[in-house]
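Asker: One structure coming up, written as structure tokens, with questions to follow.
Numbering (the numbering used here), first residue to last: 136 to 887.
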């Protein structure tokens, strides 16, 4: 029985609610319609916030009904109705949220056909070629994927033939009725094999698995040429009926296969040592080849012509090929970059780490006024752009030396990477921790997913004080909503087993600093501890009621980028607000119906930087200004890096079972002390990100501080959002969540 079969929310209850709450800001409504509102073909419009909350709550609470009926447990109709009404009211009024994935997927046929599409977070170790197929499948479903590749894991993979010829057939699309849905493989006696790619997610995955099989299985050793036909792949721009969005056509898939062939033949990065092969042509790949392949897969996952993939790659500290995988990928464009490059070089020499062959070449200063004015530049390394698809982080299983930490921080100042995580501390939090999701807030075993929920603490802070009991009630609802997601049967058996063994939840918080940032730290810790206890106790009691395993881990803090915008621009996750009053800028395609809505409503709109003649009519991307009042007494400009680290450690002590996703912003003078601070707190540290705090300004920045007077002028000048105007311009109803959750896209923390 599906979760939607019997809706617990009754019409007479819903009739008392408008389409959206009166306090939902234009920024919140715009973000909702851009991101989570599904198109209703019969009515030729997108869902209202009320309709989305109804769909999501009916699905989520309906999971308990389906579980009870499957398990022959009694169904308490009054309880289901009471739970659904409480969760709906809290979500509708922006006090809490289910995951962004659930807001988009829950209650649709996709949730039934592809249950794993419900889950934000995934992790897998790449120990078999089939694991890359699973990574491909999960990315196509919109889940962010963490993956680990180490010399030991790579050595255990089946040897692969590197010199087989690959032919990518010219594209001649066939009519819809003649398209293959599943991939077909034909092996010929003359040493040729042909892969006919099926036009489905399973078809694309199986085409990749067939390619690996032909190159690794002894029975196919006679195959010297592999030909791939893409004729069943629907043309670029054709509407996708199941997941929504538009087809990307065959080109990304062609690029992926061509990239795999180039990786095996050492044509991507000729500075690498080639794969050593035996007398039969078989070789063993190294982690750098797995990284390239995983990134090529990520680059192939395209939604509506937009690449939207979230990956994080985990590697061991001694793997120098991965340590330098993305170094100088963006080039150097000012003198400070070259000076920082020299500091990295000095640190490498101090540690007796050999310099890559290209290292001095990328450090050569070039001058060309037409390219970079009077500033020196170097375009950096070429042909490795696909490596931008993952954030790369070192996995430490024991405390590194202070000198090595200093090297890592020198590299972070230049390229923002590598990140690093403390697997030893993760192992203390859960014994079988193997990795993390792309935003690093969930501790996962191999082949595991997690779905997250959020309580917006800012919604409980009023002029009369903080409504602690209200926040605790919302946290209990959050814990139960998260636990119900563990009742979903996953379509991949190994993943389903781990999913039901651990029953992970991720009860997160947002708007924290807006709500309690001015409190003394002891009072903050006391509230966080109460919220954590509420989540854990509720989850354990509810699990007993459902007769399932109690969750192994319950609480987390995720970045909360997009949902914080839906809530009106509250401070995301545990981060500080940008300013007491600020402009939050949102970018959107000029062709989107919402862009026309913004124009009609009179919202401040700019053409994207670089638009010809700086005119709106020439812009492909528009930038819309939304005024936000945070009420924050402290902002990220006011909080030193070490104080931000201490806040992270406080959350780890008081609230979080998994990890607290946190991007620490660092001033130039603060970098020197960070390595020592991390070393001092190593045993309490699981993993955070570090980002240079740029005190300068640049055009149309995502955030811009303004005065109260400017805020009030902008607020009063614009019309309130009217969804009826959107319906006039609505066409296809595309959403950002036709692909990856924007909170996770490219693996970067959206709070950045």
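Just so it is clear, CB atoms sit at the ideal spot from N, CA and C, and this is done for glycine as well.
For residue 530, tell me which candidate among 152, 487, 550 and 282 has the shortest Cα-Cα distance.
Answerer: Among 152, 487, 550 and 282, the Cα nearest to that of residue 530 is on 282.
Asker: Which first and last residues belong to the alpha helix (DSSP H) in which residue 633 is found?
Answerer: Start and end: 628-637.
Asker: Could you pull out every residue in the same chain whose Cβ sits closer than 8 Å to the Cβ of residue 315, ignoring the five residues on either side in sequence?
Answerer: Excluding positions up to five away in sequence, the list reads 331, 332, 333, 334, 338 and 367.
Asker: For a minimum of 4 consecutive residues, which ranges assigned as the alpha helix (DSSP H) are wholly contained in the segment 796-821?
Answerer: Those alpha helix (DSSP H) runs which fall completely within the segment 796-821 and span 4+ residues are 806-815.
Asker: Have a look at the DSSP bridge pairing and note the partners of residue 225.
Answerer: Residue 225 pairs with nothing; no bridge assigned.
Asker: Using a Cβ-Cβ cutoff of less than 7 Å, which residues in the same chain neighbour residue 420 once the five nearest sequence positions on both sides are dropped?
Answerer: Cβ neighbours of residue 420 beyond the five flanking positions: 289, 292, 295 and 410.
Asker: Label residue 619 either buried or exposed according to how many other C-beta atoms from any shown protein chain fall within 10 Å of its C-beta, with 16 as the threshold for buried.
Answerer: Per the 10 Å Cβ criterion, buried.
Asker: Are three or more beta carbon pairs between the segment 473-485 and the segment 441-455 nearer than 8 Å?
Answerer: No contact exists between the segment 473-485 and the segment 441-455.
Asker: Cα-Cα, which of 464, 863 and 317 is closest to residue 512?
Answerer: Nearest of 464, 863 and 317 to residue 512, Cα basis: 464.
Asker: Does residue 783 pass the burial test, meaning 16 or more other C-beta atoms within 10 Å, or should it be called exposed?
Answerer: The residue in question, residue 783, is buried, as its Cβ has 16 or more Cβ neighbours within 10 Å.
Asker: To the nearest angstrom, report how far apart residue 888 and residue 233 are at their CA atoms.
Answerer: Since the first and last residues shown for the chain are 136 and 887, residue 888 lies out of range.
Asker: Closest to residue 272 by CA distance: which of 250, 200, 225 and 743 is it?
Answerer: It is 250 whose Cα lies nearest to the Cα of residue 272.
Asker: Would residue 361 and residue 399 be called neighbours here (beta carbons separated by less than 8 Å)?
Answerer: Contact flag unset, no.
Asker: Measuring only the C-alpha atoms, how far is residue 348 from residue 647?
Answerer: Taking the straight line from one Cα to the other gives about 50 Å.
Asker: Could you please give me the residues that DSSP links to residue 231 through a beta bridge?
Answerer: Answer by DSSP bridge pairing, in chain order: 590.
Asker: Going by C-alpha to C-alpha distance, which of 533, 532, 537 and 430 sits closest to residue 518?
Answerer: With distances taken between Cα atoms, residue 518 lies closest to 430.
Asker: Please work out which residues of its chain come closer than 8 Å, Cβ to Cβ, to residue 304, disregarding the five sequence neighbours upstream and downstream, and give them in chain order.
Answerer: Excluding positions up to five away in sequence, the list reads 362, 363, 364, 365 and 366.
Asker: Count the C-beta pairs between the segment 845-856 and the segment 572-583 that are closer than 8 Å, then say yes if the count reaches three, no if not.
Answerer: As far as the Cβ criterion goes, the segment 845-856 does not touch the segment 572-583, which means the pair count is below three.
Asker: If you run the structure through DSSP and keep just helix, strand and coil, what is residue 518?
Answerer: In this structure, residue 518 counts as coil in the three-state DSSP scheme.
Asker: Note down the Cα distance separating residue 355 from residue 404, rounded to an integer number of angstroms.
Answerer: In a straight line, the C-alpha of residue 355 is about 28 Å away from that of residue 404.
Asker: Distance, Cα to Cα, residue 139 vs residue 243?
Answerer: A caution first: residue 139 carries a pLDDT of 49, below 50, which makes its placement in the model too unreliable to give a value.
Asker: By a C-beta neighbour count over all protein chains shown, 10 Å radius and 16 as the cutoff for buried, is residue 346 buried or exposed?
Answerer: So residue 346 counts as buried.
Asker: Applying the 10 Å Cβ sphere with the 16-neighbour rule, what's the burial state of residue 313?
Answerer: Residue 313 comes out exposed.
Asker: Can you list, in chain order, the residues of its chain whose CB lies under 6 Å from that of residue 266, leaving out five sequence neighbours each side?
Answerer: Excluding positions up to five away in sequence, the list reads 259.
Asker: Excluding the five sequence neighbours on either side, which residues of its own chain have a C-beta within less than 8 Å of the C-beta of residue 622, listed in chain order?
Answerer: 198, 199, 201, 202, 681 and 683, listed in sequence order.
Asker: Return helix, strand or coil for residue 199, following the three-state DSSP convention.
Answerer: Helix.
Asker: When burial is assigned at 16 or more other CB atoms within 10 Å of the CB, is residue 218 buried or exposed?
Answerer: It is buried - the Cβ of residue 218 has at least 16 other Cβ atoms within 10 Å.
Asker: Classify residue 790 as helix, strand or coil using the three-state DSSP reduction.
Answerer: Three-state DSSP puts residue 790 in coil, outside helix and strand.
Asker: Taking the Cβ atom as the reference point for each residue, do residue 758 and residue 167 lie within a distance shorter than 8 Å?
Answerer: No, these two residues do not count as a Cβ contact at 8 Å.
Asker: Assuming residue 507 is part of the alpha helix (DSSP H), what are its boundary residues?
Answerer: Looking at the DSSP string, the run of the alpha helix (DSSP H) that includes residue 507 is 504-507.
Asker: Does the Cβ of residue 467 have 16 or more other Cβ atoms within 10 Å, making it buried, or fewer, making it exposed?
Answerer: The residue in question, residue 467, is buried, as its Cβ has 16 or more Cβ neighbours within 10 Å.
Asker: Among all the DSSP beta bridges, which residues are the ones paired with residue 417?
Answerer: Answer is 296, bridged to residue 417.
Asker: So for residue 278, helix, strand or coil by DSSP?
Answerer: Three-state DSSP puts residue 278 in coil, outside helix and strand.
Asker: Determine the closest residue to residue 694 out of 213, 222, 225 and 255, with distance taken between C-alpha atoms.
Answerer: When each option's Cα is compared against that of residue 694, the closest is 255.
Asker: Using a 10 Å radius around the Cβ and a threshold of 16 neighbouring Cβ atoms, would you call residue 771 buried or exposed?
Answerer: So residue 771 ends up on the buried side.
Asker: Output yes or no for whether 8 Å exceeds the beta carbon distance between residue 715 and residue 652.
Answerer: Not a contact, by the Cβ cut-off of 8 Å.
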